[in-house]
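Sequence order for the protein chains is U and W. Quick note on the numbering used here: the first sequence kicks off at 1339 and runs consecutively. Quick note on the numbering used here: the second sequence kicks off at 1339 and runs consecutively. For glycine and all other residues, C-beta sits at the position ideal for the given N, C-alpha and C. Keep in mind the model is a prediction, meaning the values are calculated, not measured. See below for the structure under consideration.
There are 2 protein chains.
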Amino acid sequence: MKKEAVVGIDIGGTSVKYAIVDLSADILAEGTIPTENLDQLNVFLDELTETLGNAIREVSSVADVKGIGVGAPCGNYKNGCIEYAVNLKWTQGQQVPLVKLLQERFAMPVAVTNDANAAALGEMIYGGAKGMKDFILITLGTGLGSGLVTNGELLYGHDGFAGEIGHVLAKENGRCCACGRRGCLETYVSAPGIVRTVFELLAEYNDPSELRNYSFLQLTSEIIYHAATRGDFIAREAFRLAGELLGVKLADAVAHTSPEAIFLFGGLAKAGELLLKPVRESFNRSLLKNYQGKIPVELSSLPESNVAVLGTSALIWTEIGRRQ
Amino acid sequence: MKKEAVVGIDIGGTSVKYAIVDLSADILAEGTIPTENLDQLNVFLDELTETLGNAIREVSSVADVKGIGVGAPCGNYKNGCIEYAVNLKWTQGQQVPLVKLLQERFAMPVAVTNDANAAALGEMIYGGAKGMKDFILITLGTGLGSGLVTNGELLYGHDGFAGEIGHVLAKENGRCCACGRRGCLETYVSAPGIVRTVFELLAEYNDPSELRNYSFLQLTSEIIYHAATRGDFIAREAFRLAGELLGVKLADAVAHTSPEAIFLFGGLAKAGELLLKPVRESFNRSLLKNYQGKIPVELSSLPESNVAVLGTSALIWTEIGRRQ
């Protein structure tokens, strides 16, 4: 008898990763579709339909594909749309009813959510949050995303936009955010946020720093990380400030949802203890006494390359009523 | 045939209110037990057992009482305890396993939650949140409490302490809070918070104000309210500042749970538009664009005297598997 499988898709700014996954989380097929040159919705859909269609046919002798789970920036589970994702060229910044469009092409159940939610599902089913019913996952990349799990389920809220911790107010009249406001947390705590902090620190201090050799456009969080591991004061201070601010805001998040643990995931989290130590210190200092010392903040144990497709496969398994 | 009923109890600092309520929310019996002179747990329990026992017997010809729902400061649904409630003398600031103690005395299901959660349940079943699955209720009294409903259920979190929005950080190194930290939201937005603000404003400004006649211990939020309705600048400014700060923090709360609406409840909320106008203005200004203009902030429509007992009766109805 053939086994059941689903497709997990992770839509990013420059590529789409996909995997066909069975109920034991074994990957039967996987691949990547480069999308950086696709700026038309129809062209994007044609590419996706052809590649996925081929992959589904290739596994058809051993598995029946039952559904498709999609993770995408600004993916809204509640209305099945990608909502105004400025980083996805082929959406042209418009609302794209992706669930409807894929259901028309594949004639099977489709569900979409945002990338942070997909990562949270991956963490819950395959990672450090296994068995937890209440936790928060923070993604630290080009922005700060968050997936909130409460009572064993992703928290979507009324319109699907719950878990936008990257846009809580970190500083009144602070840095300009891509969302149009000022002072959002992700303008300080994210890969570009830490670059901005370094530029402030270079202006503030006289200390020598290898980071003085880079233009704003050249500098990346990775360069800052390597400088920090070599003891560069400015670089270390930038991580300390980011960690301290994140710790304070995670304490506020705890006052909302009271999680069992918090996981950090994504590019910036690779800085490890450099970020984690100040996060934990300021987090525990900022917590209400009830919670102090009880809520671990950990790095995600999942490989970044797999978590999103596993998370989105978990999303659609849940949707079609299968439990892994 | 006799109908089913439950007991709803609202434990406050100076009294306990109770009501025996049927499935249509009709109150079959109700009363108040003064508790301000009770400083021993056993004496408190004896009073409660006798009064409630009598009330249950009195309705026994028409109704079978099936359970008891309790709302109390620091009431923890998850472990059934009142946790270190400094305002309840008879607890002597200790952890009290109230569910266990009442189950021993009444031999029926008992559930406890905190007062803000009880109010949120009341609002959901009898008030403006009827039919809503995602909303936030804020209680503004001696503190700032919050009940978060997500996906149709109260959000308790891992240890039962979700919804402590009164203790998010409002100002770094700000006012001392009863919780032992500094700068918590409730030190600014609550009845005592607005008194503290008036004292700051009296020091800052030279404007004449009737509030200059009161000592700190004399001044109340009610006096400030009446002064504000007479146009007193200091009083109006105090409400404006409280409202503005609350609006900013409610916008952060939306970024966590994405509610359909927010309700304000309790003593300070009686100030009506004086508070509501600045809240709404700063709230909508502070919201992420996705949410702007979509989330009403309203005063609770429920009479304060009934909401808690109705809310706790709703709690226990849910617990014993009945739907109203």
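Asked                                                                                                                                       : Found
DSSP bridge partner residues for residue 1484 of chain U (one or two, in chain order)                                                       : U:1476
Per-residue DSSP class, three states only, for residue 1676 of chain W                                                                      : Past the boundaries of the shown model lies residue 1676 of chain W; chain W is included only from 1339 to 1662, so the question cannot be answered.
Whether residue 1594 of chain U touches residue 1472 of chain W by CB criterion (8 Å)                                                       : no
Cut-off 6 Å between Cβ atoms - residues of its own chain near residue 1365 of chain U, not counting five sequence neighbours on either side : 1357, 1359
Residue burial classification, residue 1577 of chain W (beta-carbon count within 10 angstroms, cutoff 16)                                   : buried
Residue interval of the alpha helix (DSSP H) (run including residue 1453 of chain W)                                                        : 1453 to 1464
Minimum C-alpha distance to residue 1565 of chain W - residue among W:1656, W:1532, W:1486                                                  : W:1532
Chain W contact residues for residue 1597 of chain U, given Cβ-Cβ distances below 7 Å                                                       : 1495, 1496
Cβ-based burial, residue 1339 of chain W [other Cβ within 10 Å; buried from 16]                                                             : exposed
Below-8 Å beta-carbon distance, residue 1518 of chain U vs any chain W residue                                                              : yes
Burial state of residue 1616 of chain W, where buried means 16 or more other Cβ atoms lie within 10 Å                                       : buried
Separation of residue 1648 of chain U from residue 1342 of chain U, as counted between CA atoms                                             : 15 Å
Integer-rounded CB distance, given that residue 1355 of chain W should sit under 8 Å from residue 1373 of chain W                           : About 10 Å separates the two Cβ atoms, so there is no contact after all.
Buried versus exposed, by CB contacts within 10 Å (16 or more), residue 1510 of chain W                                                     : exposed
Minimum C-alpha distance to residue 1493 of chain U - residue among U:1513, U:1506, U:1456                                                  : U:1456
Within chain U, partners of residue 1591 of chain W - CB distance below 8 Å                                                                 : 1594
Per-residue contacts from residue 1626 of chain W into chain U (C-beta, under 7 Å)                                                          : 1502, 1505, 1517
Cut-off 8 Å between Cβ atoms - residues of its own chain near residue 1353 of chain U, not counting five sequence neighbours on either side : 1370, 1371, 1372, 1373, 1374
Three CB pairs or more closer than 8 Å across the region 1637 to 1652 of chain W and the region 1450 to 1468 of chain W                     : yes
Within 7 Å of chain U by C-beta, residues of the region 1362 to 1392 of chain W in sequence order                                           : none
With 16 other Cβ atoms within 10 Å as the buried cut-off, status of residue 1555 of chain W                                                 : exposed
Same chain, Cβ closer than 7 Å to residue 1389 of chain W, five either side skipped, listed in chain order                                  : 1369, 1371
CB contact flag (residue 1503 of chain U, residue 1410 of chain U, <8 Å)                                                                    : no
Closer than 8 Å to chain U by CB, residue 1601 of chain W                                                                                   : no
Interface positions of the region 1458 to 1475 of chain W facing chain U (Cβ-Cβ less than 9 Å), listed along the chain                      : 1470, 1471, 1472, 1473
Cut-off 6 Å between Cβ atoms - residues of its own chain near residue 1613 of chain W, not counting five sequence neighbours on either side : 1577, 1581
Per-residue contacts from residue 1744 of chain U into chain W (C-beta, under 9 Å)                                                          : Coverage of chain U is limited to positions 1339 through 1662, which leaves residue 1744 of chain U absent and any answer about it impossible.
Straight-line gap, residue 1521 of chain U to residue 1514 of chain U (C-alpha atoms, nearest Å)                                            : 6 Å
Residues within the region 1408 to 1440 of chain W neighbouring chain U, beta-carbon criterion of under 8 Å                                 : 1421
Members of the region 1478 to 1489 of chain W near chain U, C-beta cut-off 9 Å                                                              : 1484, 1486, 1488, 1489
Three-state secondary structure assigned by DSSP to residue 1377 of chain W                                                                 : coil
Backbone CA spacing between residue 1475 of chain U and residue 1490 of chain W [nearest angstrom]                                          : 23 Å
Inter-residue CB distance, residue 1426 of chain W and residue 1351 of chain W (contact presumed, cutoff 8 Å)                               : 6 Å
CB of residue 1638 of chain W within 8 Å of CB of residue 1607 of chain W, strictly                                                         : yes
According to DSSP, residues forming a beta bridge with residue 1372 of chain W                                                              : W:1353
DSSP-derived helix/strand/coil call for residue 1554 of chain U                                                                             : coil
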